[in-house]
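Down below is the structure, laid out as structure tokens.
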Amino acid sequence: PDTEAKSVIDIKEQDVYMGDMPLMTENGTFFINGTERVIVSQMHRSPGVLFDHDRGKTHASGKYLFAARVIPYRGSWLDFEFDAKDIVNVRIDRKRKLPVTALLYALGMTSEDILNYFYNRVTYVRGQGGWIIPFAPENWRGVKPLFDIVDASSGEIVFAAQQKISPRAANKAAKDGLTQLLIPTEEIFGRYSAYDLINETTGEIYVEAGDEIGAENLEALDKAGIDTIELLDIDHVSTGAWIRNTLKADKAEEREQALSDIYRVMRPGEPPTLETAEALFAGLFFDPDRYDLSAVGRVKLNMRLDLDAEDTVTTLRSEDILAVIKTLVGLKDGKGEIDDIDNLGNRRVRSVGELLENQYRVGLLRMERAVKERMSSVDVSTVMPNDLINAKPAVAAVREFFGSSQLSQFMDQTNPLSEVTHKRRVSALGPGGLTRERAGFEVRDVHPTHYGRICPIETPEGPNIGLINSLASFSRVNKYGFIETPYRKVVDHKVTDDVVYLSAMEEAKHTIAQASAELGPDKGFTEELVSSRQAGEFLMALPDNVTLMDVSPKQLVSVAASLIPFLENDDANRALMGSNMQRQAVPLVRAEAPFVGTGMEETVARDSGAAIGARRSGIVDQVDAARIVIRATGDIAAGESGVDIYTLMKFQRSNQSTCINQRPLVKVGDFVNAGDVLADGPSTEFGELALGRNALVAFMPWNGYNYEDSILISERIVKDDVFTSIHIDEFEVMARDTKLGPEDITRDIPNVGEEALRNLDEAGIVYIGAEVEPGDILVGKITPKGESPMTPEEKLLRAIFGEKASDVRDTSLRLPPGVAGTIVDVRVFNRHGIDKDERAMAIEREEIERLKKDSDDERNILNRATWSRLKEMLLGQTATAAPKGVK
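Mind the numbering: the sequence shown is residues 23 to 909 in our numbering, read in order.
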């Protein structure tokens, strides 16, 4: 039988090249087009649901208009909002608003379902001279009734008219056995029916669901003999009729109408059909390809709305939408609190991998479109995957991201601190983030949840203030992208060494003591009241209530700010300038560690990669300016070498043209432990960060020469090279093939004397170590020039020398004005297939020799180690037989 089930007939597999991906270096950077770049992490609004109000700005009366917004990771935004008439509206993607009931109808609910979901029902039974209702004490607390409230069973007056009912009195009445009340008939007027009241035989509708009960319809019910009705529990105090009013204001009355209304808003000008309207609505929030809350969004939604959906459910469900509306209506009725958008629990960090994944997704979608187009035009039976897939869009997306994204930045490499700070930066700008012009004051401001997560000090001055921040010293980003900070647990008044990392949401429940709180020998609090924080407020708490304690006073600030000694005595604005200016210090020729430090200097030097640390313990075997060889001691795993070779960077140029130079600190024969500092880098001394010098400063006037910000310096500062730094500039020249012939790199340059060529080798390239000044030739290059009419002198020269002496012009690379120095390195690059000149081959030979030296040293050390072990094993042993050939 034909079941119309599709089955796979044939599968063709093939490896398809999908392009290159830049690899991150161990220092957290990327090399793109030969320059070192950093991808800055981005701070953005977390997916999930946010409840807010307009702070009374919209309406003239100043009443709060509440709103809820469901933000997905990608897909359409969903906004619910109250308008000035207290009707609940919904907007999809900030388009025109619709009554919220249109969305509920579209989800397949009827008006009765809607009323039942949002309101409780109360059963009214006709009694003697009024209506009998159940007594619920919580509805009567604090109410001043306009009529006597009578016990339905005994007929006694329980609460007199115009007397305020205290909560205690209401509870007492319930305890005394009051279960039913008799209320006068006029009290039923103005209430709303919970369902349609219909005459079963004639089909006549007495009252529709949600209709107001008045004298006329009550009369009709009397005539029909109906003496039990269910009304909505709306008292206009603790429960408002917002949804019921919206229902009555909505023109649509069934699903089809609501769907076509939604379609008209989303696609204005197109006539809706039922199929297209249903397809559009289903695709908006319920299709995983078009709508994705992400695991984070689902977790946030579950937390805020008390749901229990799995975090694999990343589309919206009807119950999510209903829960959002119910919470919003609850806010209007005075239940619950609004959210704070700037709380770090509602903002998350996207780092490199996630940013790149989003770009790659765009590339893959473009590729998918191209593949679909191609599949429609080829014979599927003969085609191979390679013929269909063109990886260019995916490659282009990656290249564009690394090359020109706002978050892919040229690494700030002035000194080790600027490098570390750049990698720890968090930006609110960039694609999918804020713009400088639109960002208001609130976003930029310091928030209580920044404590221990984001530095309140280090941020740029100017238009980016508060939008670009730095991570605090101990903070880290968790798997959901929220920033966490460490705390020590307090158990039975004692501070333990057990450290927990908490995000801003988890921290709200705790009372946290300051790191400076005094502890006794038993690690208990000594003071009667401890200075602590709770939900963003500072208070003095009893030791019994404290559950956590800060790890360190510097957990509040960033790495740069934590390098400032006695930071607590500084004015905040000057501390901001200080932490920003440390990053601009250029590495000096002679680094000097500060006399007064904070203990963070060593950490910064090590973590930035400026100072080299030993990977394993061992004994130093060889040291020279460019490399350190260490013979590892201790257990060496099988397959691992027992030799560590550290190659030092010598006079390399940083991105900011400062000099990167590493100097060894160890001698041959020294024993080093794993983690010990072997070599100093730029701006480090003995493994400690050293950005400046310990100069003697006097704060005193000197004949007006140091008025305001002028300073007077000693001649020795210049003479002794106290603040001298080395800068390395790079100059390049290309020899291309032109229409008139190839350009040539040569020492033979027309009309140039021998004196000008003194620094060039035979190939016409300057040699390493040459001291050059402005105007000196670095690379000799000649370019063919077009035939021009010859003067008689040129004709004579041509006749004598028999060659074109004048058809080339000098286009050599010369040192620009204002630059002088020593040549530290020369590189020659040739395109594949072009003959290498002598200089290029010499550079290659040096590189090969260097690698060969490394491998030879490693082999020699291993041989020595093996020989010494064999010697130890064999010395003093008796041979059982002589070796072959020995008598």
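Note that beta-carbon positions come from the ideal geometry of N, C-alpha and C, so glycine has one too.
Item: L72, DSSP secondary structure in three states; Value: strand
Item: Proximity winner among A192, E178 and D173, relative to N161 (alpha-carbon distances); Value: A192
Item: Per DSSP, the bridge partner or partners of G843; Value: V794
Item: Beta-carbon proximity of A317 to T336, cut-off 8 Å; Value: yes
Item: At least three beta-carbon pairs within less than 8 Å, the region 484-504 to the region 307-321; Value: yes
Item: P838 (DSSP reduced to helix, strand or coil); Value: coil
Item: Boundaries of the beta strand (DSSP E) in which G152 is found, first to last residue; Value: G152 to P156
Item: Limits of the unbroken beta strand (DSSP E) element including Y382; Value: Taken as a continuous stretch (DSSP letters only), Y382 belongs to no beta strand (DSSP E), being part of the alpha helix (DSSP H) at V374 to S399.
Item: Three-state secondary structure assigned by DSSP to I61; Value: strand
Item: Beta-carbon gap between S601 and A582 smaller than 8 Å; Value: yes
Item: Under 8 Å between C-beta atoms of T768 and G808; Value: no
Item: Separation of I479 from S495, as counted between CA atoms; Value: 12 Å
Item: In chain order, each beta strand (DSSP E) run of at least 3 residues that lies wholly inside the region 222-281; Value: 227-229 and 250-254
Item: Presumed contact (8 Å Cβ cut-off) between E103 and N677, rounded CB distance; Value: No, E103 and N677 are not in contact; Cβ-Cβ is about 49 Å, not under 8 Å.
Item: Three-state class that DSSP yields for A191 in the structure shown; Value: helix
Item: Extent of the continuous beta strand (DSSP E) to which R831 belongs; Value: V830 to D832
Item: Counted within 10 angstroms of its Cβ, other Cβ atoms place I251 as buried (16 or more) or exposed; Value: buried
Item: Straight-line Cα distance separating A216 from A237; Value: 17 Å
Item: For R861, three-class secondary structure by DSSP; Value: helix
Item: Presumed contact (8 Å Cβ cut-off) between D364 and V465, rounded CB distance; Value: 6 Å
Item: Collapsed DSSP secondary structure at N567 in the structure displayed; Value: helix
Item: 8 Å Cβ shell around G840 - same chain, five flanking residues per side excluded; Value: P796
Item: Stretch-stretch touch, CB-based, cutoff 8 Å, three pairs: the region 199-217 with the region 228-235; Value: yes
Item: Identity of the residue in A903, K117, P686 and P415 nearest A647 by Cα; Value: P686
Item: DSSP state of R77 mapped onto helix, strand, coil; Value: coil
Item: Same chain, Cβ closer than 6 Å to R91, five either side skipped, listed in chain order; Value: L72 and D101
Item: Cβ neighbour criterion (16 or more within 10 Å) applied to E860; Value: exposed
Item: Nearest-angstrom Cβ-Cβ length linking G454 and D355, presumed shorter than 8 Å; Value: Actually they do not touch by this definition, with Cβ atoms about 35 Å apart.
Item: Cutoff 7 Å; reference G149; Cβ partners in own chain excluding five residues on either side; Value: A174 and L204
Item: Contacting residues, own chain, Cβ-Cβ under 7 Å from S497 (five flanking each side not counted); Value: G474, R475, I505, E506 and T507
Item: Neighbourhood of F157 by C-beta distance below 8 Å, restricted to the same chain and skipping five residues each side; Value: A195, A196, L200, T201, Q202 and L203
Item: Residue of I641, N368 and F588 minimising C-alpha distance to I883; Value: I641
Item: G968 in three-state terms, based on DSSP; Value: Since the displayed the chain opens at 23 and closes at 909, residue 968 lies outside it and no answer follows.
Item: Inter-stretch contact (C-beta, 8 Å, three-pair minimum) for the region 419-436 and the region 398-409; Value: no
Item: contact_flag[the region 617-636, the region 697-713] where n(CB pairs < 8 Å) is 3 or more; Value: yes
Item: Contained beta strand (DSSP E) runs [length at least 3] in the region 294-341, N- to C-terminal order; Value: none
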